[in-house]
Every structure is written in C-alpha cells, then in structure tokens.
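Here the sequence shown is numbered in the working numbering, starting from 452 and rising by one per residue.
Structure, as structure tokens:
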Amino acid sequence: MPPASAQAPSPFAGIPGLKFEYYDVEGRTSAEIYASMRARSPNGVTDVGGIAKTAWQIKVGWREVRRGKQCEVSDPLASLSITIHLPRLINQSEVSEEGLAFWRAAIAGLEIHEAGHARIAWEHRHDFNRAAVNAGCKTISKVAKATQARIDAIQNAYDRDTNHGITQMPPIER
Numbered sequence: 452m453p454p455a456s457a458q459a460p461s462p463f464a465g466i467p468g469l470k471f472e473y474y475d476v477e478g479r480t481s482a483e484i485y486a487s488m489r490a491r492s493p494n495g496v497t498d499v500g501g502i503a504k505t506a507w508q509i510k511v512g513w514r515e516v517r518r519g520k521q522c523e524v525s526d527p528l529a530s531l532s533i534t535i536h537l538p539r540l541i542n543q544s545e546v547s548e549e550g551l552a553f554w555r556a557a558i559a560g561l562e563i564h565e566a567g568h569a570r571i572a573w574e575h576r577h578d579f580n581r582a583a584v585n586a587g588c589k590t591i592s593k594v595a596k597a598t599q600a601r602i603d604a605i606q607n608a609y610d611r612d613t614n615h616g617i618t619q620m621p622p623i624e625r
C-alpha cells in the first residue's frame, strides 16, 4: 500500500520493494491525534518523537573457496529488506479543520523522514559486495560488521541532522 499523502510525488519514489505497515490512530484535534500516535505507536519506534519507524536489514552471504591452506572469498551477496511503519488516521471525517491541517503536515513530515532512512539503506545496499572484494576468509565477517556499522552511523547522522525528522515537517496550513 502506498504512503498516505497523495498531493505531492511520494518521497518513497524510486525505492523498490518497500513494505508498509500501518497502525491506526484517531482524534478530532491535533492534540488528540498526536496523543493517539504516541499511545499506539509500535514498540521500538524512535524517530520523530517515536511515532514512525523504518526497519531495514541487509543480509549478507558469501562462499569460501579453499585450495590447500589458501582460502578465498567469492560470490559476496547482500539482500535488503525495508519496512516502513506509519500511523493511519481512521476517523478523518470527524476531525476538526485544525486537526486535519496538523495531520496532513505530520504525515507528510513522517513520510519525508522515513523515506530518507529507506533511501540511505537502498543507496548503501551494495556496500558489502564492494568491500568484500578484497576480504579473505579470516576477515570477511569483520567486513560485514564494519559495513553494517558504517550504514548505522549514516542513519544516526541523518537523525541527528534532521532532529529525528522534526526539521522536515512542513508548516501546518490552515
């Protein structure tokens, strides 16, 4: 299912294979909607005040080819999965004008921020394959861990630079 905002092009455009999971929220005012998002957000959510999350995982694998005492790494492979967790307003027809304006800005900001996380993962999906080219059998596991740590650091810097998405929320239009 595509993201909730339909006015502008999706910030998720160009990132294939995304999975979206939604949790229901409700309220008539911005305060009620925000309280519902905080109360109902999935466990483990940390971005944008804890109301959205992008979960990504890069699984890696390789073959080890042994010839006598020599061991070489071949066929490094990385696969990426990304799941976006977002709120879904289930009572839009009952929401005040102020509440609806808040919702539109909030969901747009959440989508922009979470798409940023997804894009980082997507853009770095081949990092392990490139790093593994020069790895040996004794170092390949360290290469995998270092690659993961580097992508984690990029994700953390993105959160720091955007104040966990707060700076990406568009103004509330009434």
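The C-beta atom is built at its ideal place from N, Cα and C for all residues, glycine as well.
Status (buried if at least 16 other CB within 10 Å, exposed otherwise) for His577: His577 counts as exposed, since fewer than 16 other C-beta atoms from the protein chains shown sit within 10 angstroms of its C-beta.
Residue from Arg491, Pro621, Met620 and Glu624 whose Cα sits closest to the Cα of Ile541: Of the listed residues, the one whose Cα sits closest to Ile541 is Arg491.
Beta-carbon proximity list for Ala486, same chain, < 8 Å, skipping 5 on both sides: If we look at Ala486 and ignore the five residues flanking it on each side, its Cβ neighbours are Gly478.
Buried or exposed (CB count within 10 angstroms, at least 16 for buried), Lys596: By the beta-carbon neighbour count (other beta carbons within 10 angstroms, threshold 16), Lys596 is exposed.
Test item: CB-CB of Ala566 and Ser461 under 9 Å: Against a cut-off of 9 Å, the Cβ pair of Ser461 and Ala566 comes out as a contact.
Identified DSSP bridge partners for His536: BP columns for His536 point to Glu472 and Lys504.
First through last residue of the alpha helix (DSSP H) which encompasses Met620: No alpha helix (DSSP H) holds Met620; DSSP gives it neither H nor E.
Secondary structure of Ala464, DSSP reduced to three states: When secondary structure is reduced to three states using DSSP, Ala464 falls in the coil class, being assigned neither helix nor strand.
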